[in-house]
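Data first, discussion second: the structure below is written as structure tokens.
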Amino acid sequence: MVEFIAATGRAGLNRVAAFGRAAIFLMQSLVARPAPLHMLPLLLRQIYVVGVQSLIIIIVSGLFIGMVLGLQGYTILVAYGSEQAVGQMVALSLVRELAPVVTALLFAGRAGSALTAEIGLMKATEQLASLEMIGVDPLRRIVAPRFWAGFLCLPILSAVFALVGVYGGALVGVEWLGIYEGSFWANMQNSVDFFDDVLNGCIKAVVFGFVVTWIAVYQGYDSVPTSEGISQATTRTVVYASLAVLGLDFVLTALMFGDL
Amino acid sequence: MTQLDDIIIDIRGLTFYRGERAIFRDVDIQVPRGKITAIMGPSGTGKTTLLKLIGGQLKPDSGEILLDGQNVPNLGRRALFRIRERMGMLFQSGALFTDMSVYENVAFPLRVHTRLPEEMVRDLVLMKLQAVGLRGARDLMPSELSGGMARRVALARAIALDPDVLMYDEPFTGQDPIAMGVLVNLIKRLNEATGHTSIIVSHDIQETMGIADRIYILADGGVIAQGSPEQLMAENSPQVKQFIDGLPDGPVPFHFPADDYQSDLMLGLNNG
Ligand SMILES: Nc1ncnc2c1ncn2[C@@H]1O[C@H](COP(=O)(O)OP(=O)(O)O)[C@@H](O)[C@H]1O
Ligand SMILES: [Mg+2]
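Same order as they appear, the protein sequences are chains A and B. If you read the first sequence in the working numbering, its first letter stands for residue 1211, the second for the next number, and so on. If you read the second sequence in the working numbering, its first letter stands for residue 68, the second for the next number, and so on.
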């Protein structure tokens, strides 16, 4: 019994220590004096790798989810004769919840895992150590541009997801199921509030972008530099990032909409 | 002894722990200037660790690592940055930056440490690549190089800033005999041509003995033998003999500690 308590305590302490290390790691990467001119090409390249290359999966997923929402919304709402509200339902679910959350989950799987594997491999092949010996801080050169790229790209990807999703909903609702186009869009415009919905959705996306990218770069940097260690770190990135996104989503939703 | 030599790196009382385990216990090593010094020893004795300590990537628990009188572990960030301009390091895996071409890899230290105009960078890079025989490979990516070529490119990168000290971590490991011969000659030739100090970590005894001026053999957290290749060949201590002659068993055991073999086998019979 005592052993069990001791083991739990030790595991807890280890977690707290790991979290502390991750926080220090992040501070060192970001607080490091920026060298904007050197940094810009590196950042642009990472935005391409992390953001632009994730566009396809985000667009396709957004389209399908929007279409499913349109279909499901229609079958539920038509029973009450209020199928014109499909537009409102699609837009609100996307903007408030699905766009930031699903984008963050997809982003963790597509870009986050790649970031972890890439940094882990650089560590295993001593590229990070080489940088240090040449006199370049790998936190600044490798980690910082990747972190900023992820942090900037996720909100944009989330916005793309929402736009494509709304389009998918309209495709199913208006084009296929024949909801009157005017009321579909008018209902949507009337019900979606810029501050309550769009801005809160953006805040979620920004928070998720921060957390997912942080987890991804830290897991890569902290990985055991062997093939097994890198594969474990990659798995951890996807698992931790997904759990963090879902957990934070609840917390943020409670804070934003809890008092309605 | 060669105590009167001009010493460039003077390591005194070096102690370094990994967790509970002492990798080095009160180790003294002197590296003479302009010569080739070899650090040898079985895997896992801390040879790579020693190079990282000299490069300031790790900090010792105690002891001094003096490079021309400057104590590397005590240097601040900027001073460390500056002293690393004087050190080149060739990592075991080559460690080329996989997202840059051969040319950009060799140019990288020049771009970081100097503000030379592009034409000058280009000339320097081509000179270094010429020295390792790979000027024609400048546009290849690291993934397109053979193991031996990758190591030569890494060597070109390591000498890009004309360092005073060049450290090689197991440069011969995993090389075919021809690539190995090329590397051995290259290391020797570069050392003679530029007059820098070389530190070679290796367990390829023949090759290393052939070019080293001075050898340290590490084992069990300390130096078990040192001297010129001739001195070590004449050494009689069984530990050193085992290492130099490549005998599988001796004071350094072949077997990892285990239960008695016979009874271990019997155990399977009894349980089955
Ligand atoms: N990052 C690390 N964390 C913990 N232990 C390490 C680490 N790197 C090396 N070691 C341990 O330190 C010892 C010396 O390693 P190393 O210097 O790589 O040996 P060598 O290069 O002589 O083969 C090994 O036993 C190794 O397990
Ligand atoms: Mg080693």
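A virtual CB, placed ideally from N, CA and C, is assigned to each residue, including glycine. All values derive from a computational prediction rather than experimental measurement.
Within its chain, find whatever has a CB closer than 7 Å to the CB of residue i; leave out the 5 residues flanking it on each side and keep chain order.
i           : result
Asp-271(B)  : Phe-239
Lys-114(B)  : Ile-106, Gly-108, Val-268, Leu-285
Asp-77(B)   : Gln-97, Leu-133
Met-68(B)   : Summary for Met-68(B): the model assigns pLDDT 46, below 50, so the residue's position carries little reliability; its value from the coordinates is reported in the next sentence. Cβ neighbours of Met-68(B) beyond the five flanking positions: none.
His-180(B)  : Glu-152, Leu-228
Ile-1267(A) : Leu-1316, Arg-1320
Lys-119(B)  : Leu-125
Met-1211(A) : none
Can you determine whether any heavy atom of ligand 2 sits closer than 7 Å to the C-beta of residue i, and answer yes or no?
i          : result
Lys-114(B) : yes
Gln-159(B) : yes
Asp-236(B) : yes
In this structure, what does DSSP give as the bridge partners for residue i?
i           : result
Val-1312(A) : For Val-1312(A), which the question treats as bridged, DSSP gives no partner whatsoever.
Glu-1293(A) : BP columns for Glu-1293(A) are empty, so no partner.
Tyr-84(B)   : Ala-89(B)
Gly-289(B)  : Ala-286(B)
Thr-104(B)  : Ile-266(B), Arg-281(B)
Arg-79(B)   : Glu-131(B)
Leu-1490(A) : This structure cannot speak to residue 1490(A), because chain A is shown only from 1211 to 1470.
Tyr-1390(A) : According to DSSP, which records beta bridges pairwise, Tyr-1390(A) is partnered with nothing at all.
Asp-236(B)  : Val-268(B)
Ile-74(B)   : Pro-99(B)
Met-156(B)  : Met-234(B)
Asn-1400(A) : Asn-1400(A) pairs with nothing; no bridge assigned.
Gln-1282(A) : DSSP, once it has assigned bridges, lists no residue as partnering Gln-1282(A).
Given 7 Å as the limit, tell me if residue i has its C-beta closer than that to any heavy atom belonging to ligand 1.
i           : result
Ser-110(B)  : yes
Ile-90(B)   : yes
Arg-1231(A) : no
Arg-66(B)   : With chain B running from 68 to 339 in the structure shown, residue 66(B) is simply not present.
Exposed or buried, what is residue i when buried is set at 16 or more other beta-carbons lying within 10 Å of its beta-carbon?
i           : result
Asp-236(B)  : buried
Gln-197(B)  : exposed
Trp-1386(A) : exposed
Phe-1418(A) : buried
Gly-1261(A) : buried
Ser-1340(A) : buried
Thr-1218(A) : exposed
Ala-1464(A) : exposed
Asn-1193(A) : Outside the shown range of chain A, which is 1211 to 1470, sits residue 1193(A), and nothing can be said about it.
Pro-209(B)  : buried
Val-1288(A) : exposed
Ser-1292(A) : exposed
Ile-1344(A) : buried
Phe-310(B)  : buried
List the residues of chain A that residue i touches, going by C-beta distances under 9 Å, in chain order.
i          : result
Gln-124(B) : Ala-1339, Glu-1342, Met-1343
Gln-159(B) : Glu-1336
Pro-127(B) : Going along chain A, no residue has its Cβ under 9 Å from Pro-127(B), so there is no contact; the nearest lies around 17 Å.
Once the 5 residues before and after residue i are set aside, which same chain residues still bring their CB inside 6 Å of it?
i           : result
Gly-215(B)  : Gln-242, Ala-246
Ser-1433(A) : Gly-1330, Gly-1439, Ile-1440, Ala-1443
Val-1421(A) : Ala-1454
Gly-1375(A) : Gly-1272, Ile-1275, Gly-1276, Leu-1304
Asp-1459(A) : Val-1311
Arg-149(B)  : none
Met-194(B)  : none
Asp-128(B)  : Thr-82, Phe-83, Tyr-84
Gly-80(B)   : Asp-93, Gly-130
Ala-174(B)  : Val-188, Val-192
Arg-218(B)  : Gly-161
Met-1332(A) : Leu-1338
Asn-258(B)  : Ile-103, Ser-265
Could you list which residues in chain A have their beta carbon closer than 8 Å to that of residue i, in chain order?
i          : result
Glu-152(B) : Gly-1345
Phe-91(B)  : In chain order: nothing, as chain A lies at least about 19 Å away.
Ala-301(B) : Here the premise fails: no neighbours, minimum Cβ distance about 36 Å.
Asp-83(B)  : A small fix is needed here, since residue 83(B) is Phe in this sequence, not Asp. Per Cβ cutoff of 8 Å: no residues; Phe-83(B) is ~17 Å from chain A at best.
Ala-217(B) : Simply none; closest approach about 10 Å.
Ala-162(B) : Thr-1335, Glu-1336, Gln-1337, Ala-1339, Ser-1340
For residue i, go through chain A and note every residue whose CB falls closer than 7 Å to its CB, in chain order.
i          : result
His-180(B) : Gly-1345
Phe-323(B) : The premise fails here: Phe-323(B) is roughly 20 Å from chain A at the closest Cβ pair, so nothing lies under 7 Å.
Phe-148(B) : Gly-1345
Pro-176(B) : Ile-1344
Mind checking if residue i is an interface residue toward chain D, Cβ cutoff 8 Å exclusive?
i          : result
Met-156(B) : The structure shown contains no chain D; the protein chains it does contain are A and B.
To which residues of the same chain is residue i closer than 8 Å at the C-beta, ignoring the five residues directly before and after it?
i           : result
Leu-1252(A) : Arg-1351, Pro-1355
Leu-183(B)  : Leu-177, Leu-191
Leu-1236(A) : Phe-1357, Trp-1424, Tyr-1428
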